[in-house]
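So in numbering that gives the first Met the number 0, the last one in the sequence shown is 332, and the numbering has no gaps at all. Right, one structure below, let's go through it.
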Amino acid sequence: MFDDKSILITGGTGSFGHRFVSTILERYKPRKLIIFSRDEVKQFEMQQLFDGPEMRYFIGDVRDRQRLIQATRDADIIIHAAALKQIPAAEYNPTECIKTNITGAENVIHAAIENDVERVIALSTDKAANPINLYGATKLASDKLFVAANNMVGKGRTIFSVVRYGNVVGSRGSVVPYFKKLLEEGAEALPITDDKMTRFWITLEQGVDFVLTNFQRMYGGEIFVPKLPSVRITDLAKAMAPDLPTKIVGIRPGEKLHEIMCPSDDSHLTLEFGDHYVIRPSIRFTRRNSNYTRNNLGEEGEPVAQGFEYNSGSNPHFLSVEEIREFNNRENL
Numbered sequence: 000m001f002d003d004k005s006i007l008i009t010g011g012t013g014s015f016g017h018r019f020v021s022t023i024l025e026r027y028k029p030r031k032l033i034i035f036s037r038d039e040v041k042q043f044e045m046q047q048l049f050d051g052p053e054m055r056y057f058i059g060d061v062r063d064r065q066r067l068i069q070a071t072r073d074a075d076i077i078i079h080a081a082a083l084k085q086i087p088a089a090e091y092n093p094t095e096c097i098k099t100n101i102t103g104a105e106n107v108i109h110a111a112i113e114n115d116v117e118r119v120i121a122l123s124t125d126k127a128a129n130p131i132n133l134y135g136a137t138k139l140a141s142d143k144l145f146v147a148a149n150n151m152v153g154k155g156r157t158i159f160s161v162v163r164y165g166n167v168v169g170s171r172g173s174v175v176p177y178f179k180k181l182l183e184e185g186a187e188a189l190p191i192t193d194d195k196m197t198r199f200w201i202t203l204e205q206g207v208d209f210v211l212t213n214f215q216r217m218y219g220g221e222i223f224v225p226k227l228p229s230v231r232i233t234d235l236a237k238a239m240a241p242d243l244p245t246k247i248v249g250i251r252p253g254e255k256l257h258e259i260m261c262p263s264d265d266s267h268l269t270l271e272f273g274d275h276y277v278i279r280p281s282i283r284f285t286r287r288n289s290n291y292t293r294n295n296l297g298e299e300g301e302p303v304a305q306g307f308e309y310n311s312g313s314n315p316h317f318l319s320v321e322e323i324r325e326f327n328n329r330e331n332l
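In structure tokens, the structure reads:
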């Protein structure tokens with residue numbers, strides 16, 4: 000599916016973009032890999048790692064519709080990873096977050112349809128499920144935009160879907176590198192927001208693999224959610240610093256005790272597959288009539304029970320302290 004294709008990644012200089020490009024180049028022979036982002040320094044640094052003839056680097060902002068239209072000419076596939084993600088910054092600068100996460104999503108959709116892009120997947124977050132902060136609310140709006148975009152295509156070929164997952168282990172701003180930095184600085188205790196806090200656990204490589212597979216599964220309109228193990232933050236602290244005490248510092252504004260990726264209010268739309276869930280669109284599409292129970296890879300799903308919620312706190316699969324340690328070692332964290 001990815002050989003001889005032109006692939007564009009918005010926000011491509013981030014953690015996901017780096018791993019995605021590395022994986023694509025190892026496994027496939029794309030015609031073009033287009034990195035679209037607004038930071039020329041990060042693009043320069045990325046060019047030192049990936050400088051093959053298929054690489055293209057476009058400086059631009061997803062807020063700029065015309066620049067996106069230029070960048071997506073001849074593109075077959077788009078991964079929309081650009082977003083403002085810092086929760087406190089979004090609360091303090093709500094308009095800026097809205098411009099990037101909502102208006103930016105609209106612009107990606109418009110550019111994809113105008114250039115007859117074949118497939119688009121937008122990256123979402125657990126924060127979009129039952130959002131309690133502005134970042135989550137903007138990503139929920141973005142998810143809705145990408146789902147509804149399937150009714151805007153007319154006679155074009157473009158289809159849109161969403162991939163939603165939670166805490167990416169080792170990504171910028173996540174808890175593991177934060178703990179690691181504190182330990183390197185000689186911290187006498189690790190700060191814990193709440194001793195009951197849990198998180199889903201996924202690596203960048205798992206996230207990239209999940210996105211690649213869903214390009215093959217998608218009909219358009221689905222929200223794909225991977226099945227993942229959970230981690231107790233207290234167990235993570237024990238795994239990283241078994242002899243160090245912890246201190247409770249309190250939940251930050253807009254932070255949740257547990258991650259939710261399939262809310263109970265969407266249980267009537269949710270299907271369970273072997274290694275993932277699919278949240279079906281709540282609206283009907285004029286161009287297709289699929290109940291999504293069988294995807295394009297031939298995998299079959301079943302409806303979940305009424306009221307089902309995929310929650311990191313009630314997840315049946317938790318990693319032990321030793322498993323967390325092995326996990327981190329395997330990922331060189």
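In this text, a Cβ means the ideal position worked out from N, Cα and C, and glycines have one as well.
VAL61 sits close to ASN106, with the two beta carbons spaced by under 8 Å. Scanning GLY16, ARG30, ILE158, MET239 for the CA closest to the CA of SER36 turns up GLY16.
By the neighbour-count criterion, in which 16 or more other beta carbons inside 10 Å mark a residue as buried, PRO87 falls on the exposed side. Spatial neighbours of GLU95 in its own chain (CB-CB distance under 7 Å, excluding positions within 5 residues in sequence) are listed in chain order as LEU83. Shortest Cα-Cα distance from PHE284 to any of ILE6, ILE158, ILE76 involves ILE158. With a cutoff of 8 Å on beta-carbon distance, MET0 and PHE214 are scored as near each other. Comparing C-alpha distances from PRO176 to each of ASN331, VAL277, THR12 shows the shortest one belongs to ASN331. For PRO93, the uninterrupted alpha helix (DSSP H) segment begins and ends at 93 to 97. Contact between the stretch 124 to 141 and the stretch 255 to 263 is present: three or more C-beta pairs spanning the two stretches fall below 8 Å. Look at the stretch 162 to 218 and you find these whole runs of beta strand (DSSP E), each 3 residues long or longer: 189 to 191, 197 to 199.
Residue burial annotation: ALA304 is exposed, with fewer than 16 other C-beta atoms found within 10 angstroms of its C-beta.
Around the beta carbon of ASN295, a 10 Å sphere encloses fewer than 16 other beta carbons of the protein chains shown; the residue is thus reported as exposed.
Annotation: the stretch 254 to 310 contains the following complete segments of the beta strand (DSSP E) (minimum length 3 residues), in chain order: 259 to 261, 269 to 271, 275 to 278.
Looking at the DSSP output, VAL224 shares a beta bridge with TYR276.
The distance from the Cβ of ALA240 to that of LEU182 is about 6 Å, consistent with a contact at the 8 Å cut-off. When the Cα atoms are used, SER281 and VAL119 turn out to be separated by approximately 19 Å. Assigned with DSSP and collapsed to three states, HIS17 falls in helix. Residues PHE178, LEU181, ALA236, ALA240, LEU243, THR245 of the same chain have their beta carbon placed closer than 7 Å to that of LEU189, with the five preceding and five following residues left out of the count.
Along the length of the stretch 9 to 58, whole beta strand (DSSP E) runs at least 3 residues long occupy 31 to 36, 54 to 58, reported in chain order. Excluding five sequence positions before and after ASP265, the CB atoms of its chain that fall closer than 7 Å to its own CB belong to ILE278, given in chain order. When secondary structure is reduced to three states using DSSP, PHE326 falls in the helix class.
Distance from the CA of GLY59 to the CA of ALA110, rounded to the nearest whole angstrom, comes to 13 Å. Comparing alpha-carbon positions, the option among PHE209, GLN47, ASP75 lying closest to PRO29 turns out to be ASP75. Separation of the CB atoms of LEU203 and ARG18 is rounded to 4 Å, and the pair is thereby assigned contact status at 8 Å. Taking ILE112 as reference, the option from TYR134, GLY155, ASN132 with the minimal CA-CA separation is GLY155. Shown here for SER311: same chain residues with a beta carbon closer than 6 Å to its own, the five before and five after excluded, namely THR197, ARG198, PHE199, SER229, HIS257, GLU258 in chain order. PRO225 is classed as buried because its beta carbon has at least 16 other beta carbons within 10 Å across all chains shown.
In this structure, ARG64 lies away from ILE34, with their beta-carbon atoms at least 8 Å apart. Exposure of LYS195 is indicated by the presence of fewer than 16 other C-beta atoms within 10 angstroms of its C-beta.
The distance from the Cβ of SER123 to that of VAL162 is about 7 Å, consistent with a contact at the 8 Å cut-off. Judged by their CB atoms, THR137 and ILE78 are not nearer to each other than the 8 Å cut-off.
Per DSSP, the beta bridge partners of VAL230 are ARG198. Non-local beta-carbon contacts of GLY273 in its own chain, meaning distances under 7 Å to residues more than five positions away in sequence, involve GLU298 in chain order.
Annotation for HIS316: PRO228 place their beta carbon closer than 6 Å to its own, counting only its chain and skipping 5 residues before and after.
The alpha-carbon separation between ILE108 and ASP73 amounts to approximately 15 Å.
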